[in-house]
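There are 2 protein chains.
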Amino acid sequence: MFLYWGSGSVPCWKPMIVLAEQGLWQDVPNKLLSFSNKEHKSEEVMKLNPRGQAPTFRDGDLVVCESGAICQYLDDKYSNDDNRLIPTDAAQRSQVYQRMYESLNLHAFVIQTLYYYKRTTKKEDQDANYLKEKIEAAEVEISRWNVYLEGKEYLACDKFTMADVFFYPFLAIFVRLGVKLEKNTNLQKYYDRITQRASVQATWPPHWKEGPGPAILDDVKA
Amino acid sequence: MFLYWGSGSVPCWKPMIVLAEQGLWQDVPNKLLSFSNKEHKSEEVMKLNPRGQAPTFRDGDLVVCESGAICQYLDDKYSNDDNRLIPTDAAQRSQVYQRMYESLNLHAFVIQTLYYYKRTTKKEDQDANYLKEKIEAAEVEISRWNVYLEGKEYLACDKFTMADVFFYPFLAIFVRLGVKLEKNTNLQKYYDRITQRASVQATWPPHWKEGPGPAILDDVKA
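As you go down the protein sequences, you meet chains A and B in turn. Add 683 to a position in the first sequence, counting from 1, and you land on the number used in my numbering. Add 683 to a position in the second sequence, counting from 1, and you land on the number used in my numbering.
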């Protein structure tokens, strides 16, 4: 196996957590790419993944680059009954799938509409009405996940599953970017608990250890 | 089972094709919602799916609303060796997953950035540079899928799989909205072939039978 990845990227972090849950991460040859140096557009990556994106993953001759696809492949191929992240029971699987796919919307709801907008639009050019609307939408969206966690330690089952693998990296990035989880105490507790998990600690984005993130989303109070 | 759905919606069409492939569609109780009458926000739907979206699906007490999750659940639960849409072999599965997840990007690449923009922005207010950039990006994206189909009848395996279920509805909508597949002849042949498939014909969006679509994307020449 070989994984090209970037530090602090949700799509990269997901398969890394899966590999760590399987006890494989420390043995997987891998390369940390610098996005700012455009290493994800290097020939080395592009010949495997013409999109020039991270993650780019191969296992022997098999190339898989979509984050969700890598995660499902790894669970199919390398999990056992003790560490399977998508359960075998069809009803339980459906609830894991539901949260997996649902979490993909968080990119559009928060990162794309709010984080990218604020990062790429000069403060004086930012549209206050647009911002207000998108901040409210982000707060509503984040609060939904707080409801899902009511009375539960994990998102979809009574143990850590692929639903948590897909969702947690988004939550961690929101927190790093300044989102306050003041009202959503289930989410705060969930964040504190999952952050301590060995697979999460083993794959924590290296550049996050150097200091706090830019508080770009500190007007989101969820 | 019960499915709430809307006509011409990619997320609704996907599980309908799965059910038709399984020979179940004609027997599944269902309700066609009118999006323009906001029936997806009705109490009947909202009590199952607080997002108020279609598809909304239940099987007994089990509620699944994310389109991809419904598809994977249906394949887990109701497919047999003759009609399974996600193969059992892990390597083959990985290639099906890859195209499944990859197809989800088509919403952002074409529908969100181009179709929604053109539909919601008055012609005189549309930014020519933005449009040019997004049309080119859509053409590049669509051409990628043409390459994937080089020498192949189906996207991921030598038979119809969940990759085709996820991708084809996007392609059909692009064609309906006026996208020309002039250069991408693999895609044109694929479109013609899959359109004739029984599961696709049985679930063809009812309002599409009434006449051609609005040619909103006719400046995309892929």
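Even for Gly, the Cβ is constructed at its ideal location relative to N, Cα and C.
CB contact flag (residue i, residue j, <7 Å)
| i | j | result |
| --- | --- | --- |
| B/A898 | B/G861 | yes |
| A/A737 | A/W696 | no |
| A/I700 | A/V848 | yes |
| A/Y784 | B/G751 | yes |
| A/N829 | A/L787 | no |
| A/F740 | A/L686 | yes |
| B/R859 | B/G894 | no |
| B/R796 | B/K817 | Checking the sequence shown, residue 796 of chain B turns out to be Thr, not Arg. Yes, the pair counts as a contact, with Cβ atoms nearer than the cut-off. |
Nearest neighbour of residue i, chosen from the options [CA to CA]
| i | options | result |
| --- | --- | --- |
| B/V903 | B/Y837, B/Y798, B/N763, B/T878 | B/Y798 |
| A/M845 | A/K863, A/S777, A/I794, A/G735 | A/S777 |
| B/A905 | B/A885, B/I877, B/T868 | B/T868 |
| B/L745 | A/R734, A/L768, A/D772 | A/D772 |
| B/F792 | B/A774, B/L814, B/E807 | B/L814 |
| B/D765 | B/Y874, B/D875, B/Q705 | B/Q705 |
| A/K866 | A/N732, A/I825, A/R782, A/N720 | A/I825 |
| B/N720 | B/S690, B/A881, B/D742, B/I856 | B/S690 |
| B/R880 | B/Y851, B/Y800, B/D841, B/R767 | B/Y851 |
| B/G735 | B/G743, B/D742, B/H723 | B/H723 |
| A/Q709 | A/S882, A/A855, A/T878, A/P888 | A/S882 |
| A/G743 | B/L715, B/A774, B/Y761 | B/A774 |
| A/A855 | A/S717, A/S725, A/I794 | A/I794 |
Local conformation of residue i per DSSP, three classes
| i | result |
| --- | --- |
| B/R741 | strand |
| B/S685 | At residue 685 of chain B the sequence reads Phe, which differs from the Ser that was named. Three-state result, B/F685: strand. |
| A/N869 | helix |
| A/K721 | coil |
| A/V903 | coil |
| B/L707 | coil |
| B/N766 | coil |
| B/L731 | coil |
| A/L702 | helix |
| B/L757 | helix |
| B/L787 | coil |
Inter-residue CB distance, residue i and residue j (contact presumed, cutoff 8 Å)
| i | j | result |
| --- | --- | --- |
| B/A703 | B/A885 | 5 Å |
| B/Y780 | A/Q755 | 5 Å |
| A/M684 | A/V728 | Actually they are not in contact, since the Cβ atoms of A/M684 and A/V728 sit about 16 Å apart, beyond 8 Å. |
| A/L900 | A/Y873 | With 8 Å as the limit, A/L900 and A/Y873 do not qualify as a contact, their Cβ atoms being about 18 Å apart. |
| B/F853 | B/V693 | 6 Å |
| B/P698 | B/L789 | About 17 Å separates the two Cβ atoms, so there is no contact after all. |
| B/N732 | B/C748 | 5 Å |
Please give the ranges of any alpha helix (DSSP H) in the stretch 805-863 of chain B, keeping only runs that are unbroken, at least 4 residues long and fully inside the region. Every alpha helix (DSSP H) stretch that sits fully inside the stretch 805-863 of chain B and reaches 4 residues is listed by chain position as 811-831, 845-859.
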